[in-house]
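Visitor: Just dropping this structure here.
In our numbering, the protein residues as written are -3 to 793.
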């Protein structure tokens, strides 16, 4: 069992027989039941059942509202056992938060009449879904989602689509950049290699010998280059992973960390093999091209290079505008491009690929960061404390005031939350929302969305009753009149009315649902009566026919049922305005429609006159040190014995863990952009500098007929301008197209609209000309001291 299901002991030892037991730590922390090592406990063991159906840890306790006894489920086949507590362990999520029991472990007595849970590990984790479908169809099964996600085999289509889309795009960009760099290293010297092979052919080298020499040369390059590349990649990734090891550790569940389990860097065999194969194939193809070309033509033509430069009548003619703007030097540069298009194309293609790689990489990173920022920026508060029990209004302020004084708390507020169905005139719906969502019945609303008698019903609308002091500040922030929204008799409501829905294109779109006029929006709301004949609202249930009834109780736990019609009433409310910003206690990811009222309006809106609140109660706080605040608040709740069934959530801690993913994405994203930028710059530098070196005889000839250094600079500046403009002319449109494809491929359930990373385009344009001119200056400095006579005589330049 321990090989498949880790149990992290925090104290004591594992049980050695069926009379010993280990207990979870959260039995004390959450359940308030304390046992120490060596304690002897007696338990009645049995099967939880309700109406003949067996219940498990995924089934909450079932209450009987018709009798004074709350629990109506039964414990069958009861067996009395006595255990000695020998250890405590960290909860391993064996039960859900709402589970009625706490998991403990002892040694099995191998009783065949007991109910068992099976744990299975597969040899191939990718087959888990097929295995479940083939062997456990229709049965209650669960999977280790953390392991599946870390392994890239999550049983979530949207997650897998995002993961493999990201991986595919990254691999494609890196492979394209690497191949272009390797290939251009060979392509720019094709003509010189052709001449070399022609000379070898003239002294008797056979076609087979030429090809073998090329293959040997390619093998030599691979023999040294590929291992060095793999070593550099391994060292680079090891340093990167070790540098952000602390960030990765936050993704590991606490219990795994206690067991000594941690994420470690491992080398992917598939990635290594793929890199080796791609590198070798690219090098061999790039080297074979000039060899195959040379063996197809006779030795004389190869030596003369008559096929490299072909001048046809009218093809090298330049316009008069070029001559006027750039003079004789510009005309010479333009003619050089036209008579030697292969070398010119290699340079332009190199620039084109560099622009595409850089902008595409930046687009990918921008969309990924935008998506993760939107997903993880959900709340404004750091700590939330809530309860859904009945409590006195005086308890509300008392609890809030005490918790507000906790350490490091900077701001706080409280509110009550009700849910209601709201009917609204179609005229008050936003026109776009009405046309694209309601009339077309798309998105989460599904089919059947229609306007009935000129009205539309919003189901399950959240109504927040916010602390008056904070609500007053919220009004000032939005420039609203206090008299209208804090009126004691008929306060107006504020609405948050944004909704993200998947459209017909499969992508999420954000809609405004309401369009408030000057006179406000009249809405009808179906409210639940908090009080009937002195009884307080508790819950609702359904009978055998599916009819809904509401259950009320007095303080002596006597239960009374009322029909839905008796327990509800319809009220007309006025929404005064629609705002965009949410108050502190409302999550940023609210959707559809949210109604805001001051806390003092609770009795008026709910037609209620009493001291008890019958809603979900929520307190939210911001803090300069959320860990210190949450610990202090827990002490306050425990020390002051607040009997409100409070649950405290350190939301900031959860968000910090999730936002670590953004940190990881930033590290790898910017590292990826730097890598692609280096590949692109090396590609351009290698292409242009080698091309310049191969033209040393040409430059010597121009010098011999009197071209000055200023003339050379002018000619080369014009060539740089042509290179840059041509590369951008082809690169920018393709980059924008690929950006749109990235936008389409990274659709994973968030409302991110299409945008172009203009900063990347500006950087790309500036970098293209900077790299081109810098490379030209570097190459020209190497050849400016050449003696024209020596350069013209040298056949090996």
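Glycine included, each C-beta is placed from N, C-alpha and C at the ideal position.
All of these numbers come straight from a predicted model, not from anything done at the bench.
(1) So residue 491 is in the beta strand (DSSP E); what residue range does that whole segment cover?
(2) Once the 5 residues before and after residue 226 are set aside, which same chain residues still bring their CB inside 8 Å of it?
(3) Label residue 328 either buried or exposed according to how many other C-beta atoms from any shown protein chain fall within 10 Å of its C-beta, with 16 as the threshold for buried.
(4) Going by the CB atoms, is the gap between residue 726 and residue 736 shorter than 8 Å?
(5) Going by DSSP, which residues form a beta bridge with residue 520?
(6) Using only the alpha-carbon positions, how far apart do residue 63 and residue 382 sit?
(7) Could you tell me which residues DSSP puts in a beta bridge with residue 612?
(8) How is residue 64 classed by DSSP in three states: helix, strand or coil?
(9) Check for me: the alpha helix (DSSP H) holding residue 210 runs from which residue to which?
(10) According to DSSP, simplified to helix, strand and coil, what is residue 544?
(11) Have a look at residue 114 and residue 1 and give me their C-alpha separation to the nearest angstrom.
(12) Any idea which residues DSSP pairs residue 380 with across the strands?
(13) For residue 343 and residue 116, which I take to be in contact (beta-carbon distance under 8 Å), what is that distance rounded to the nearest angstrom?
(14) Is it true that the region 611 to 623 meets the region 403 to 410, where meeting means three or more beta-carbon pairs spaced less than 8 Å apart?
(15) Less than 8 Å between C-beta atoms, sequence neighbours within five positions excluded: which residues of the same chain meet that for residue 643?
(16) On the three-state DSSP scale, how would you describe residue 42?
(17) Is it the case that the region 14 to 32 contacts the region 43 to 59, given that we only count it when at least three CB pairs across the two stretches are under 8 Å?
(18) Rounded to whole angstroms, what is the Cα-Cα separation between residue 7 and residue 482?
(19) May I ask which residues mark the beginning and end of the alpha helix (DSSP H) holding residue 600?
(20) Can you tell me which of 86, 210, 266 puts its alpha carbon nearest to the alpha carbon of residue 3?
(21) Could you tell me whether the region 345 to 355 touches the region 752 to 765, using the rule of 3 or more Cβ pairs below 8 Å?
(22) For residue 197, does the count of other Cβ atoms within 10 angstroms reach 16, so buried, or fall short, so exposed?
(23) From residue 52 to residue 44, what does the alpha carbon distance come to, in whole angstroms?
(24) Beta strand (DSSP E) containing residue 84: first to last residue?
(25) Determine the burial state of residue 674: buried for a count of at least 16 other Cβ atoms within 10 Å of its Cβ, exposed for fewer.
(26) Cβ atoms of residue 614 and residue 410: under 8 Å apart, would you say?
(27) Could you check whether the Cβ of residue 634 sits closer than 7 Å to any heavy atom belonging to the ligand ATP?
(28) Quick one, which of 279, 560, 492, 229 has its alpha-carbon nearest residue 264's?
(29) Among 174, 710, 199, whose alpha-carbon lies nearest the alpha-carbon of residue 346?
(30) Identify whether residue 29 lies in helix, strand or coil by the three-state DSSP scheme.
(31) If contacts are defined as beta-carbon pairs under 8 Å, then residue 14 and residue 103 qualify, I think. What distance do you get, rounded to the angstrom?
(32) Per DSSP, what kind of secondary structure is residue 627 in: helix, strand or coil?
(33) Looking at C-alpha atoms only, which residue of 453, 76, 395 is the closest neighbour of residue 430?
(34) Under 8 Å between the Cβ atoms of residue 509 and residue 426?
(35) Beta-carbon within less than 8 Å of residue 477's beta-carbon, same chain only, minus the 5 sequence neighbours each way: which residues are those?
Guide: Looking at the atomic coordinates:
(1) By one-based count along the chain shown, residue 491 stands at place 495. Note, residue 491: beta strand (DSSP E), 489 to 492.
(2) Taking the first residue of the chain shown as 1, we reach residue 226 at position 230. 268, 271, 272.
(3) Counting from 1 along the chain shown, the entry for residue 328 is found at position 332. With 16 or more other Cβ atoms within 10 Å, it is buried.
(4) On the chain shown, residue 736 is found 740 positions in, with the first residue counted as 1. On the chain shown, residue 726 is found 730 positions in, with the first residue counted as 1. No; because the gap between Cβ atoms is not below 8 Å, this pair is not in contact.
(5) Numbered from its first residue, the chain shown carries residue 520 at position 524. According to DSSP, residue 520 bridges with 419, 568.
(6) Locating residue 63 in the chain shown gives position 67, counting from the first residue. Locating residue 382 in the chain shown gives position 386, counting from the first residue. At residue 63 the pLDDT is 49, less than 50, meaning the model places this residue with poor confidence; the figure from the coordinates comes in the next sentence. Residue 63 and residue 382: Cα-Cα distance of roughly 28 Å.
(7) Reading the chain shown from its first residue, position 616 is the one you call residue 612. The partner list for residue 612 (beta bridge, DSSP) reads 413.
(8) Locating residue 64 in the chain shown gives position 68, where the first residue counts as 1. Summary for residue 64: the model assigns pLDDT 44, below 50, so the residue's position carries little reliability, and this model does not support an answer.
(9) Within the chain shown, numbered from 1, the residue matching residue 210 stands at position 214. 203 to 239 is the extent of the alpha helix (DSSP H) around residue 210.
(10) As a working note, residue 544 is residue 548 in the chain shown. Residue state, collapsed to three classes: strand.
(11) Here residue 114 corresponds to residue number 118 of the chain shown, with the count starting at 1. Here residue 1 corresponds to residue number 5 of the chain shown, with the count starting at 1. Distance between the alpha carbons of residue 114 and residue 1 is about 11 Å.
(12) Indexing the chain shown from 1 puts residue 380 at position 384. Partner(s): 616, 645.
(13) Within the chain shown, numbered from 1, the residue matching residue 343 stands at position 347. Within the chain shown, numbered from 1, the residue matching residue 116 stands at position 120. The Cβ separation is near 59 Å, so there is no contact.
(14) yes
(15) Within the chain shown, residue 643 is the residue found at index 647, counting from 1. Excluding residues within five positions, the ones whose Cβ falls inside 8 Å are 381, 382, 383.
(16) Position 46 of the chain shown, counted from the start, is the residue given in the question as residue 42. In the structure shown, residue 42 sits in a strand (DSSP, three-state: E or B).
(17) no
(18) Position 11 of the chain shown, counted from the first residue, corresponds to residue 7. Position 486 of the chain shown, counted from the first residue, corresponds to residue 482. Those two C-alpha atoms are separated by around 56 Å.
(19) Start at 1 with the first residue of the chain shown, and residue 600 comes out as number 604. From DSSP, the alpha helix (DSSP H) with residue 600 extends over 598 to 601.
(20) Within the chain shown, the letter at position 7 stands for residue 3. Per the Cα distances, 86.
(21) yes
(22) The residue given as residue 197 occupies position 201 in the chain shown. Buried, by the Cβ-count rule.
(23) Within the chain shown, the letter at position 56 stands for residue 52. Within the chain shown, the letter at position 48 stands for residue 44. Whole-angstrom Cα-Cα distance: 7 Å.
(24) Translated into the one-based positions of the chain shown, residue 84 becomes position 88. From DSSP, the beta strand (DSSP E) with residue 84 extends over 70 to 85.
(25) Taking the chain shown and counting its residues from 1, the one referred to as residue 674 is at position 678. Classification of residue 674: exposed, given that the 10 Å Cβ count is below 16.
(26) Along the chain shown, read from residue 1 onward, the residue named residue 410 stands at position 414. Along the chain shown, read from residue 1 onward, the residue named residue 614 stands at position 618. Contact flag set, yes.
(27) The ligand ATP is absent from the structure shown, which contains no ligand whatsoever.
(28) Within the chain shown, numbered from 1, the residue matching residue 264 stands at position 268. For residue 264, the nearest C-alpha among the options comes from 229.
(29) The count along the chain shown starts at 1 and reaches residue 346 at position 350. Nearest C-alpha to residue 346: 174.
(30) Locating residue 29 in the chain shown gives position 33, where the first residue counts as 1. Three-state DSSP puts residue 29 in coil, outside helix and strand.
(31) Position 18 of the chain shown, counted from the start, is the residue given in the question as residue 14. Position 107 of the chain shown, counted from the start, is the residue given in the question as residue 103. Right, their Cβ atoms sit about 5 Å apart.
(32) Numbered from its first residue, the chain shown carries residue 627 at position 631. In this structure, residue 627 counts as helix in the three-state DSSP scheme.
(33) Indexing the chain shown from 1 puts residue 430 at position 434. For residue 430, the nearest C-alpha among the options comes from 453.
(34) Your numbering for residue 509 matches position 513 in the chain shown. Your numbering for residue 426 matches position 430 in the chain shown. Against a cut-off of 8 Å, the Cβ pair of residue 426 and residue 509 comes out as a contact.
(35) Indexing the chain shown from 1 puts residue 477 at position 481. Counting only Cβ-Cβ distances below 8 Å, and skipping sequence neighbours, we find 471.
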